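Chemist: Per my numbering, the sequence shown starts with residue 2, numbered consecutively.
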Amino acid sequence: MLKRLWVHILLLAVLTAPASSTLADLTAPKASQPLYLASDHMALFPGENNLMSAIIDRAHGFAYFATQTAPGYIVKVRLSDMTRQAVLRLNPGEDNLTVSLLDASHGFAYFAAGVKPSIIIKVALASFTRVSALTLQTGEDGVFTGVIDPANGYAYFGTAVGGGQPARIIKVNLSNFSRSGSLVLNPGELALLSSAIDTVHSFAYFGLDATPAGVVKINLANFSREGVLWLNSNESRARSAVVDPAGLYAYFGMEAKIGSSGSPVVRVRLSDFKRVDALVLNSGEQGVFSEAIEDSGTYLYAVCDTNPGRIVKINLTNFTRSAGLSLAAETNLRSLVLDPANDGGFAGSYTSPGKVVKLQLSSLARQSALTLSQGDKRVTSTLVDPQNGFAYFAVDTTPARIAKVRLSDFNQVASLALNPGEVSFFTGVLDPIHGFAYFGSNTSPAKVVKINLADFSRVDSITLSAAGFENYLRSSLIDITAGFAYFGTDLNPGRIVKIDLSNFSRLSALPLNSGEAGLESAVLDSTAGFAYFSTRTDPAMVVKVRLSDFSRFSAVSFLPGEANVMSALIDPAGGFAYFGTDTSPGQVIKLRLSDFSRVGSLTLNSGENGLQSAVIDPSRDIAFFGSYTYPGRVTGVRLSTLARAGSLALGDAENYLISGAIDPAHQDAYFGAYFDPTLVIRLHYTPGFSLFVPALNR
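(1) Quick one: what's Ala-348 bridged to in DSSP?
(2) Give me the DSSP bridge partner(s) of Arg-475.
(3) In its own chain, which residues sit with a C-beta less than 8 Å from the C-beta of Ser-196, not counting the 5 before and 5 after it?
(4) Using only the alpha-carbon positions, how far apart do His-107 and Asp-150 sit?
(5) If you drop the 5 nearest sequence neighbours on each side, which residues of the same chain put their C-beta closer than 6 Å to that of Ile-312?
(6) Closer than 6 Å by C-beta to Phe-626: which residues in its own chain qualify, once you throw out the five before and the five after it? Chain order, please.
(7) Going by C-alpha distance, which of Gly-154, Asp-142, Pro-309, His-202 is nearest Ala-192?
(8) Can you tell me whether Arg-553 is helix, strand or coil according to DSSP?
(9) For Pro-573, name the three-state secondary structure that DSSP assigns.
(10) Tell me which residues share the same chain as Ala-25 and place their Cβ nearer than 7 Å to its Cβ, disregarding the 5 neighbours each side in the sequence.
(11) Under a three-way DSSP split, which group does Asn-174 fall into?
(12) Among Pro-540, Pro-573, Lys-451, whose alpha-carbon lies nearest the alpha-carbon of Met-567?
(13) Give the straight-line distance between the Cα atoms of Val-76 and Arg-367, rounded to the nearest whole angstrom.
(14) Can the beta-carbon of Pro-619 be found less than 7 Å from the beta-carbon of Gly-575?
(15) Drop a sphere of 10 angstroms on the beta-carbon of Ala-624, count the other beta-carbons inside from all chains shown, and report buried for 16 or more, exposed for fewer.
(16) Ignore the nearest five residues each way along the sequence and tell me which others in Arg-79's own chain have a CB closer than 7 Å to its CB.
(17) Determine the burial state of Tyr-631: buried for a count of at least 16 other Cβ atoms within 10 Å of its Cβ, exposed for fewer.
(18) Roughly how many angstroms lie between the CA atoms of Gly-73 and Ala-67, to the nearest whole one?
(19) Roughly how many whole angstroms lie between the Cα atoms of Leu-137 and Ala-348?
(20) Below 8 Å, how does it come out for the segment 510-526 and the segment 556-571: are there three or more Cβ pairs, yes or no?
(21) Which residues in the same chain as Arg-593 place their Cβ atom closer than 7 Å to its Cβ, once the five residues preceding and following it in sequence are excluded?
(22) Based on Cα-Cα distance, which residue from Gly-163, Gly-228, Asp-199 lies nearest to Asp-210?
(23) Between which two residues does the beta strand (DSSP E) carrying Glu-292 extend?
(24) Looking at C-beta atoms only, is the number of pairs between the segment 414-429 and the segment 388-403 that lie closer than 8 Å three or more?
(25) Any contact between the segment 248-257 and the segment 221-230? By contact I mean 3 or more CB pairs, one from each, below 8 Å.
(26) Where Glu-95 and Ile-120 are concerned, what is the direct C-alpha to C-alpha distance, given to the nearest angstrom?
(27) So who's on the other strand from Asn-117, going by DSSP bridges?
(28) What do you reckon, are the CB atoms on Leu-317 and Leu-301 nearer than 7 Å?
(29) Going by CA-CA distance only, name the one from Asp-410, Phe-437, Asp-397, Ser-409 that's closest to Phe-427.
(30) Around the C-beta of Leu-6, are 16 or more other C-beta atoms found within 10 angstroms, so that it is buried, or is it exposed?
(31) What residue does the beta strand (DSSP E) around Val-267 start on, and which one ends it?
(32) Between Gly-633 and Glu-655, is the Cβ-Cβ spacing less than 7 Å?
(33) Whose CA, out of His-202, Leu-194, Thr-200, lies closest to the CA of Gly-215?
(34) Would you mind working out which of Ser-660, Ala-646, Ser-641 sits nearest Ser-628, comparing C-alpha positions?
(35) Quick one, are the C-beta atoms of Val-144 and Ala-105 less than 7 Å apart?
(36) Identify the continuous beta strand (DSSP E) that holds Met-542 and give its terminal residues.
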């Protein structure tokens, strides 16, 4: 049996409540008022793999790559410097994104999930948010290709139903995002793999997964099937399609190769819907999964699903192979977009992790590559800097990474890999005034790493003394005014290590008494000059430490069964501290600071177990405790009456909440999930008023 992993909840040190607000719902509620919660979530660079489709927004300088994963992810890449800007995780069940379509004039993109039945997801590009989703009808399964006609306000999606059933083409009205109709193809026209649109003449062409391949012509004006063109016997599986800008020809790339040569690209004349000829590519240039034509219509570029990846440039004036590029590090290319104004192209790989390759079109040369992330998983600690608008999440990788998230749109903007050997950062503190964060590791010996927030870089690290039992850091505090940080260990007895922030050095360590073990959480009352460290024992204890001389002042024990405190909160102005237990169900114990005595306890409801994370907003008389459960749950507690205020059960994959942080000014709380894929859940709370979905742009 696997030993249960004990983890520390990092309590965000938001030390002051907002001074004022113009919102009516910021008034402190009465205890009898209900609590309303709403949540959303984001992923931290999880498996951004299998880049199956892509679109480019040239006007704004971004490309978007969609993944064939469960759930699907959309990765936003800035073209000017080839940097990953953000990722959008779709909802559970919105899996296997096979189609990406752009409506630049209206600022939306559409992504098809090839599930049963298929789902079309609408995304607003300005805010990079999921707007809504349209689930198609039963039998409209396996959407694998699509085209868009923004000027007339429609998109068309082709299916691969399977089971010998004819394929279908579904028409979607973009103005109200509704299913407008469906067209069932003829028997034998079973699976649609590719499509291209001729907006000049209002026709669309869908390539069939067949041997030989076929092309189905659709009249968009009346949404009817015009006919089918069967290609030659050795031209099979039409994987890609594109129409030239003038609407004269369509080009279909085949998956299968011909003999010892590569795959053919077939040219079809659109005026009379006839196969004109085919260009057979070189040996090794096979599996043409994506094509694109530059704006002038002179050159076509095709990418191959091969190892190594290959890119072919075709001169359309004489329909000849102009050049070829074999890559060294990137394989299995399946998506392609062009930026001819900047002589650029971008190809996405169907690999794990996904890679985006930047090309120079004129010379057909590889310029650079962006490797996406797949290893960031299991958030271990959480820090929020509301004043500067960012949050920082440590993730349990090897080495560890720190993810930086912009709060205004809840998107990740960077990921910082620490040095080899720097792993398992289960606690940390933030100094927003001087612009640094400090993370402590759950290792032997333990390490403290300093991060510069201004340029998001690793500054330095301190390795503590294993011989001095300075191992397994699970809790931490920062006294910004005095310039010290304190880290508590998961040992028996526990030790507290004092760090001088002015020169980033270990200053001293304080051993506690025997039995005062497992310092999993801590809170600070800097005005009174005391820190409080809780223990993972039964019954649990709280040890009071005087900061002026860094000495153990006293300790208080809880009642039997009030065991394994894993989270702690403090309200210095109100004169109380609150401790959450890792029990089933969880308990919240209230401690009065003036005489250092236990006031009472609250036992939560069944299922509200393992209170390993917690955040507090004293100005609104509320605290939230996150459960280390599957799925996760967040429970609100009224501070004045120590009463349960309400609870929110989270969704799929939002499990094992072990870290939390709060932004009282916007009434947002953040919880990190110790789960793969990694999620950060944002919870918006409105005590006594109405429920609404958290705003992504403030």
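Beta carbons are placed, not taken as given, at the ideal position from N, Cα and C, and that holds for glycine. Computed from a prediction, not measured in an experiment: that's the story for all the values here.
Modeler: Short version:
(1) Walking along the sequence shown from the start, residue 348 turns up at place 347. DSSP lists Leu-337, Val-358 as the bridge partner or partners of Ala-348.
(2) Residue mapping note: residue 475 aligns to position 474 of the sequence shown, counting from 1. DSSP, once it has assigned bridges, lists no residue as partnering Arg-475.
(3) For the purposes of this step, residue 196 is taken as residue 195 along the sequence shown, with counting starting at 1. Excluding positions up to five away in sequence, the list reads Thr-146, Gly-147, Val-148, Tyr-157, Gly-159, Ala-205, Tyr-206, Phe-207, Gly-208, Ala-242.
(4) Sequence index remark: in the sequence shown, residue 107 carries index 106 (1-based). Sequence index remark: in the sequence shown, residue 150 carries index 149 (1-based). If you take the alpha carbons of His-107 and Asp-150, they lie about 12 Å apart.
(5) Along the sequence shown, one-based indexing puts residue 312 at 311. If you ignore the 5 residues before and after Ile-312, its C-beta comes within less than 6 Å of the C-beta of Val-304, Leu-326, all in its own chain and listed in chain order.
(6) Sequence index remark: in the sequence shown, residue 626 carries index 625 (1-based). Hits under 6 Å: Gly-581, Leu-612, Ala-615, Thr-636.
(7) Translated into the one-based positions of the sequence shown, residue 192 becomes position 191. The residue from Gly-154, Asp-142, Pro-309, His-202 with its alpha-carbon nearest to that of Ala-192 is Asp-142.
(8) On the sequence shown, position 552 is the one that residue 553 refers to. Reduced to three states, the DSSP call for Arg-553 is strand.
(9) One-based indexing of the sequence shown puts residue 573 at position 572. Coil at Pro-573, not helix or strand.
(10) Counting from one through the sequence shown, the residue named residue 25 turns up at place 24. The predicted position of Ala-25 is uncertain, since its pLDDT is 23 and thus under 50; a value taken from the coordinates is nonetheless stated next. Excluding five sequence positions before and after Ala-25, none of the CB atoms of its chain fall closer than 7 Å to its own CB.
(11) Here residue 174 refers to the residue found at position 173 of the sequence shown. It is a strand residue.
(12) Position 566 of the sequence shown, counted from the first residue, corresponds to residue 567. Among Pro-540, Pro-573, Lys-451, the Cα nearest to that of Met-567 belongs to Pro-540.
(13) Your numbering for residue 76 matches position 75 in the sequence shown. Your numbering for residue 367 matches position 366 in the sequence shown. Between Val-76 and Arg-367, the C-alpha separation is close to 21 Å.
(14) Position 618 of the sequence shown, counting from 1, holds the residue named residue 619. Position 574 of the sequence shown, counting from 1, holds the residue named residue 575. In contact: Pro-619 and Gly-575 (Cβ atoms closer than 7 Å).
(15) Position 623 of the sequence shown holds residue 624. Ala-624 is buried by the Cβ-count criterion.
(16) In the sequence shown, the residue the question calls residue 79 occupies position 78. Answer for Arg-79: Gly-62, Phe-63, Gln-86, listed in chain order.
(17) Position 630 of the sequence shown, counting from 1, holds the residue named residue 631. With fewer than 16 other Cβ atoms within 10 Å, it is exposed.
(18) Residue 73 sits at position 72 when you count from the first residue of the sequence shown. Residue 67 sits at position 66 when you count from the first residue of the sequence shown. If you take the alpha carbons of Gly-73 and Ala-67, they lie about 7 Å apart.
(19) Translated into positions along the sequence shown, residue 137 becomes position 136. Translated into positions along the sequence shown, residue 348 becomes position 347. Straight through space, the alpha carbons of Ala-348 and Leu-137 are spaced by roughly 30 Å.
(20) Using a Cβ-Cβ distance cut-off of 8 Å, the segment 510-526 and the segment 556-571 are in contact, since at least three pairs of beta carbons, one from each stretch, lie closer than that value.
(21) Walking along the sequence shown from the start, residue 593 turns up at place 592. Apart from sequence neighbours up to five positions away, the residues of its chain that approach Arg-593 with a beta-carbon distance below 7 Å are Gly-576, Phe-577, Val-600, ordered along the chain.
(22) In the sequence shown, residue 210 corresponds to position 209, counting from 1. Taking only the C-alpha atoms, the option nearest Asp-210 is Gly-163.
(23) Position 291 of the sequence shown, counting from 1, holds the residue named residue 292. Glu-292 -> beta strand (DSSP E) spans 289-294.
(24) Taking 8 Å as the limit for Cβ pairs, the verdict is that the segment 388-403 does touch the segment 414-429.
(25) No, because fewer than three Cβ pairs between the segment 248-257 and the segment 221-230 fall closer than 8 Å, the two stretches do not touch.
(26) By one-based count along the sequence shown, residue 95 stands at place 94. By one-based count along the sequence shown, residue 120 stands at place 119. C-alpha separation (whole angstroms): 7 Å.
(27) Taking the sequence shown and counting its residues from 1, the one referred to as residue 117 is at position 116. Note on residue identity: the sequence assigns Lys, not Asn, to residue 117. None; Lys-117 has no bridge partner.
(28) To locate residue 317, count along the sequence shown from 1; it is residue 316. To locate residue 301, count along the sequence shown from 1; it is residue 300. Between Leu-317 and Leu-301, the CB-CB gap stays under 7 Å.
(29) For the purposes of this step, residue 427 is taken as the residue at position 426 of the sequence shown. Checking every option, the nearest Cα to that of Phe-427 belongs to Asp-397.
(30) What you label residue 6 is simply residue 5 of the sequence shown in a count that begins at 1. With a pLDDT of 26 at Leu-6, under the threshold of 50, the modelled position of that residue is not reliable, and the figure given next carries that caveat. Under this definition Leu-6 is an exposed residue.
(31) Sequence index remark: in the sequence shown, residue 267 carries index 266 (1-based). Residues 265-270.
(32) For the purposes of this step, residue 633 is taken as residue 632 along the sequence shown, with counting starting at 1. For the purposes of this step, residue 655 is taken as residue 654 along the sequence shown, with counting starting at 1. In this structure, Glu-655 lies closer than 7 Å to Gly-633 by Cβ.
(33) The residue given as residue 215 occupies position 214 in the sequence shown. The shortest C-alpha separation from Gly-215 is found at Leu-194.
(34) Within the sequence shown, residue 628 is the residue found at index 627, counting from 1. Comparing alpha-carbon positions, the option among Ser-660, Ala-646, Ser-641 lying closest to Ser-628 turns out to be Ser-660.
(35) Walking along the sequence shown from the start, residue 144 turns up at place 143. Walking along the sequence shown from the start, residue 105 turns up at place 104. No, they are not a contact pair.
(36) The count along the sequence shown starts at 1 and reaches residue 542 at position 541. From DSSP, the beta strand (DSSP E) with Met-542 extends over 542-547.
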